[in-house]
Every structure is written in C-alpha cells, then in structure tokens.
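Taking this note's numbering, the leading residue of the sequence shown gets 1, the next gets one more, and so forth.
Shown next, in structure tokens, is the structure this report addresses.
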Amino acid sequence: MRRFYFQGQVKIDTVIKIKNELFNHIINVVKIKKGENFIIFNSESGNYFCVLKNIEKRFGEAKVLYKIPENEKNSSKISVYQCIPKGNILNEIIERNVELGVTEFTPIISERTIKRTKELKQRWLEIIKHSTEQCGRTDLMKINMPIMFNEIFNNDMQGKKLICYENSENLIDIKNFKGFKDFHIILGPEGGFTLSEIEKASEKGFESVSLGQNILKCLTANILVVGFISLFKS
1 MRRFYFQGQV
11 KIDTVIKIKN
21 ELFNHIINVV
31 KIKKGENFII
41 FNSESGNYFC
51 VLKNIEKRFG
61 EAKVLYKIPE
71 NEKNSSKISV
81 YQCIPKGNIL
91 NEIIERNVEL
101 GVTEFTPIIS
111 ERTIKRTKEL
121 KQRWLEIIKH
131 STEQCGRTDL
141 MKINMPIMFN
151 EIFNNDMQGK
161 KLICYENSEN
171 LIDIKNFKGF
181 KDFHIILGPE
191 GGFTLSEIEK
201 ASEKGFESVS
211 LGQNILKCLT
221 ANILVVGFIS
231 LFKS
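Listed below in structure tokens is the structure:
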C-alpha cells in the first residue's frame, strides 16, 4: 500500500484536500485513481487509511477511513555527523539513514572534506520525505545545516559517542551499544580524519572505533555502523 506524507491535521471520517506537489505525485506520478486506497501519515497524526473520492483539475479529495494501529515507538535516538563526500553520494547516505532510523543528521565539513557547502539543499528534504514514505516511518528525520567539524562539540551530548577511525585499535562490537539509549556517531570523508580531529573528538568523550581491516567508502561505512547500531542498540 502506497504511503504519502501529508502536512496537516488528519481526523477519521473527514475529507482532506490533496493539492500542489502531493496532488501531482499521487495523481500524475503514482496514478492513483478515484475509488482506490492509500495511506497518508505525519509525525503528529500517525498513519491513516484513505480512499480517493474525487479528482478535480488542480486538487483531489480523500476520505479518511480509519487510523492504522502503530507499533510501540522506540524512544532511543541516533544522531549522525557525516562529513560531506564528493559528488552526490550524500543523497544516498541521507536516504539510507532515513531507512535505518536515524533521528538527526548533520552534514560536516572537516579538514579533508573536498566538497564544501554551508547550504541546506532542498533536494535533501525531498529525499527524506520520499524515503520516509517508502520505509514506514511516520517521523521525518531532522537534517541540520552543514557545520564545521569543531562545531559538533558545541552542544552537550548525552549517550554513547563514537567516531569511526580506520586506525583505531577498538573494533566495533555489540558491547559498544549495551546500556545506552542515545547514540552520536561521527563519520569521515574520503580521506579520513586527521590525527588532530581524532584527538579533539577524544577530548570531548568520543570513542574511536574501527569498522574492520578494509578501507570502506563513505556510503559503505555509514550503512555499516548505522545499521549495526540500529539493529543492536538496547
């Protein structure tokens, strides 16, 4: 069943108006027809089962039939600080992090970051929304403006703090996650972190961990460590 993010209040037995980008996506892209069912959701209301009742030239109308029961929500949080890689790899990293349950995502500019931007791109917001529709989440992953590496430590962080470093003597292990509710993970660019950056993170309570003997690409490293935490966190 197709799911679509709806920005607005939703109530059972009411008719909601589908317009603008959402109208185009449902009617022209996905091609849902009058009388067919779909799910709308948002973080405030949850998931609702709807039927498309009417299609006009510039809008549609859907009746909200019932609310879909939700599983118990996981109260743990995963915050990712990802150094910006070359090309468009960050787009896929953002998509995968939504699927893996990351709560908050911050693009980082480190000493060895090649592609530098301080802009929060509209494309990233679109990826988050569409990936959320696909994966079953109701909450949208929060994405912050890109910041410099040293700005990571401006805020007080509670929980387990890890920085992925290929030269670390500590291999990532399930034991890293036991007894913690919140997680903060820093992942580097193609050239890795400098020693001064690792030392800075260590001073701020971040434990360096290795992801194995092989040197991994940014996307691979991100999926590995975030997936590991998502699966094994207590």
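Note that the Cβ used here is the ideal one computed from N, Cα and C, for glycine as well.
Everything numeric in this text was worked out from a predicted model, so none of it was measured.
* **Limits of the alpha helix (DSSP H) - the one that glutamine 122 falls within** => Segment 122-135, the alpha helix (DSSP H) holding glutamine 122.
* Is threonine 14 buried or exposed, if buried means 16 or more other CB atoms sit within 10 Å of its CB? -> With fewer than 16 other beta carbons inside 10 angstroms of its own, threonine 14 counts as exposed.
* Can at least three beta-carbon pairs, one atom from the region 101-111 and one from the region 143-158, be found at a separation below 8 angstroms? -> Three or more pairs of CB atoms, one per stretch, sit closer than 8 angstroms, so the region 101-111 contacts the region 143-158.
* Hey, does alanine 201 have any beta-carbon neighbour from chain C nearer than 8 angstroms? -> Given the protein chain composition of this structure (a single chain), no chain C is represented.
* Would you report the Cα separation of asparagine 214 and lysine 17, rounded to the nearest angstrom? -> Cα-Cα distance, rounded: 52 angstroms.
* Going by beta carbon distance, what residues of the same chain come within less than 6 angstroms of leucine 100, once the five residues before and after it are set aside? -> Closer than 6 angstroms at the Cβ level, and outside the excluded window around leucine 100, lie Val226, Gly227 and Ser230.
* Under the three-state reduction of DSSP, which class applies to glutamate 61: helix, strand or coil? -> Strand at glutamate 61.
* **Exposure label - lysine 233; buried when at least 16 CB within 10 Å** => With 16 or more other Cβ atoms within 10 Å, it is buried.
* What residue does the alpha helix (DSSP H) around valine 226 start on, and which one ends it? -> DSSP places valine 226 inside the alpha helix (DSSP H), whose first and last residues are 218-232.
* Asked: When the Cα atoms are used, what is the spatial distance from serine 168 to leucine 224?
  -> Each residue's alpha carbon lies about 16 angstroms from the other.
* **Integer-rounded CB distance, given that glutamate 36 should sit under 8 angstroms from leucine 52** => Rounded, the Cβ-Cβ distance is 6 angstroms, consistent with contact.
* Do you know how far the Cα of glutamine 158 is from the Cα of phenylalanine 180? -> Phenylalanine 180 and glutamine 158 have their alpha carbons spaced roughly 9 angstroms apart.
* To do: Please classify tyrosine 236: is it buried, with 16 or more other beta-carbons within 10 angstroms of its beta-carbon, or exposed?
  => What is shown of the chain runs 1 to 234, which leaves residue 236 out entirely.
* Quick one, are the C-beta atoms of isoleucine 68 and cysteine 50 less than 8 angstroms apart? -> Taking 8 angstroms as the Cβ cut-off, isoleucine 68 and cysteine 50 do not qualify as a contacting pair.
* Asked: Between which two residues does the beta strand (DSSP E) harbouring arginine 3 extend?
  -> For arginine 3, the enclosing beta strand (DSSP E) begins and ends at 3-5.
* I think threonine 132 touches leucine 140, with their Cβ atoms under 8 angstroms apart; what is that distance to the nearest whole Å? -> In this structure, threonine 132 and leucine 140 form a Cβ contact; the two beta carbons are roughly 6 angstroms apart against a cut-off of 8 angstroms.
* Asked: How should threonine 220 be labelled, buried or exposed, when 16 other C-beta atoms within 10 angstroms of its C-beta is the threshold for buried?
  -> Threonine 220 should be labelled exposed.
* Can threonine 194 and arginine 116 be called in contact, C-beta distance under 8 angstroms? -> Their beta carbons are not under 8 angstroms apart, which means threonine 194 does not touch arginine 116 by this criterion.
* Would you tell me roughly how many angstroms separate the C-alpha atoms of lysine 77 and threonine 138, rounded to the nearest one? => Taking the straight line from one Cα to the other gives about 15 angstroms.
* **Through-space distance from isoleucine 198 to glutamate 166, alpha-carbon basis** => Isoleucine 198 has its alpha-carbon roughly 11 angstroms from the corresponding atom of glutamate 166.
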